[in-house]
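The structure appears right after this line, and notes come after that.
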Amino acid sequence: MARKYRRKSSRLDPTLSRGIIAVLLAVLAAIIILSFFDKAGFVGTMLDEYILSFLFGSIRYFAPAIILILSWFLIRDIDYNYRPTHGIGALLFFLSLSSVMHLGFETDDMLRQALEGHGGGIFGMLAWPMKEYLGAVAGYIIL
Numbered sequence: 003m004a005r006k007y008r009r010k011s012s013r014l015d016p017t018l019s020r021g022i023i024a025v026l027l028a029v030l031a032a033i034i035i036l037s038f039f040d041k042a043g044f045v046g047t048m049l050d051e052y053i054l055s056f057l058f059g060s061i062r063y064f065a066p067a068i069i070l071i072l073s074w075f076l077i078r079d080i081d082y083n084y085r086p087t088h089g090i091g092a093l094l095f096f097l098s099l100s101s102v103m104h105l106g107f108e109t110d111d112m113l114r115q116a117l118e119g120h121g122g123g124i125f126g127m128l129a130w131p132m133k134e135y136l137g138a139v140a141g142y143i144i145l
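Using this note's numbering, you'd call the opening residue of the sequence shown number 3 and step up by one each time.
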């Protein structure tokens, strides 16, 4: 007769683990906010000038607000049934916002602006094919 293996349950209560994650996200948002004012030391400089600037460009200033909202939802809506489509929708919104911020540049100048941390950063480069092949107005309509 085969033995039944009982799966060990998690030691942390799901409410407690969500609270810990929410607090860590709030601390990350605070560090990012401090990095905008050069008050977070070396880590803040790396976050602001290299990572966030490169990836998100000018919309990096929205990152702490989005992280704080996510943290609040983790604490507040314990009974809410999150689905993967919610995360996908938020990601698509952020990518389209990055692209909209980047549509104002000329197509020849888009990569340089993205690498310098302007517009929508490297994620804003998703606007390049739209502007190159469809034009700026059609790009704004699609995005």
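The C-beta atom is built at its ideal place from N, Cα and C for all residues, glycine as well.
Supposed close pair residue i, residue j - CB separation, criterion 8 Å
i: leucine 145; j: valine 102; result: 5 Å
i: glycine 43; j: histidine 120; result: Not confirmed; about 25 Å, so no contact.
i: glycine 46; j: serine 55; result: The pair is not a contact, with the Cβ atoms about 12 Å apart (cut-off 8 Å).
i: serine 100; j: phenylalanine 64; result: Contact flag wrong, Cβ pair sits at about 10 Å.
i: glycine 122; j: isoleucine 61; result: 6 Å
i: alanine 31; j: proline 66; result: 4 Å
Reference residue i; option with closest CA among the options
i: phenylalanine 39; options: Gly121, Ala116 and Asp50; result: Asp50
i: leucine 70; options: Lys41, Tyr135 and Leu27; result: Leu27
i: alanine 116; options: Met127, Asp110, Phe64 and Ala24; result: Met127
i: glycine 89; options: Ala24, Ser100, Ile53 and Ile68; result: Ile68
i: glutamate 118; options: Tyr142, Pro16 and Tyr52; result: Tyr52
Beta-carbon contacts of residue i that lie in its chain and below 8 Å, excluding the five residues immediately before and after
i: glycine 91; result: none
i: tyrosine 142; result: Val102 and Leu105
Cβ-heavy atom distance, residue i to the ligand MN, below 6 Å
i: phenylalanine 38; result: Only the bare structure without any ligand can be found here, which leaves the ligand MN out of the picture.
Residues near residue i in its chain [Cβ-Cβ closer than 7 Å; skip 5 each side]
i: threonine 109; result: Trp130, Lys133 and Glu134
i: serine 15; result: Checking the displayed sequence, the identity of residue 15 turns out to be aspartate instead of serine. Around aspartate 15: no qualifying Cβ.
Cβ shell of residue i (< 6 Å), same chain only, five flanking positions each side left out
i: serine 98; result: Leu145
Specify whether the stretch 61–80 and the stretch 135–142 touch according to this definition: at least 3 beta carbon pairs, one from each stretch, less than 8 Å apart.
no
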